[in-house]
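Here is the structure we will look at, set down as structure tokens.
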């Protein structure tokens, strides 16, 4: 069996078309290059392998977001999306890959602090730091209790704990 050749340049033909115009059948055999030049095929902007790779990477990123959990406070990416609040300082490290886009959008392109910072005296900064640590520890404890309550299907307790957590996160103090 002989290989069909391109009708324009005599390279091996890879595109085979059959046109029927007014009852007349015309066969066209072209190589990829001649077929593209003639307008029979259009080159894709992305090769299939590259497109598939991008798809798999985006799928992995989505699954990372759903399963990623902070080991300190138990915060998940979905919880952050729901509340808009992070649970502890470690969350910035855990969710760094995902937060950069969120911060960029919120700050209109800026990804670092550009405003003023309050002046803290040593006394107030120590008190504030210890209060923050206590609040974070309480939130962490409440989240563990919440997970246990949900696991034991104790939904009234879970709702109460959820409200306490929201209160601590919203006010910065006890609920």
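In this note's numbering, the protein residues as written are -18 to 156.
In this text, a Cβ means the ideal position worked out from N, Cα and C, and glycines have one as well.
Model, not experiment: these values are computed from the prediction.
Residue environment analysis places residue 75 among the buried positions, since at least 16 neighbouring C-beta atoms fall within 10 angstroms of its C-beta.
Around the CB of residue 144, fewer than 16 other CB atoms lie within 10 Å, so the residue is classed as exposed.
Residue pairing for residue 2: DSSP places it in a beta bridge opposite 5. Beyond the five residues adjoining it in sequence on each side, residue 0 comes within less than 6 Å, by CB distance, of 7 in the same chain, given in chain order.
The beta carbon of residue 126 sits closer than 7 Å to the beta carbons of 142 from its chain, once the five residues preceding and following it are set aside; these are given in chain order. Annotated three-state conformation of residue 57 is strand, per DSSP. Restricting attention to 22, -4, 117, the CA atom closest to the CA of residue 68 is found in 117. Excluding five sequence positions before and after residue 130, the CB atoms of its chain that fall closer than 7 Å to its own CB belong to 138, 139, 142, given in chain order. Residue state for residue 10 is assigned as strand, using DSSP reduced to three classes.
Within 10 angstroms of the beta-carbon of residue 108 lie fewer than 16 other beta-carbons, which makes it exposed.
The DSSP-derived three-state label of residue 79 is helix.
For a cut-off of 8 Å, the C-beta gap from residue 64 to residue 150 is around 7 Å, short enough to register as a contact.
The alpha-carbon of residue 17 is positioned some 21 Å away from that of residue 2. Rounded to the nearest angstrom, the gap between the Cα atoms of residue 128 and residue 37 is 32 Å.
Residue 135 has its alpha-carbon roughly 33 Å from the corresponding atom of residue 79. Around the Cβ of residue 60, a 10 Å sphere holds 16 or more other Cβ atoms; the residue is buried.
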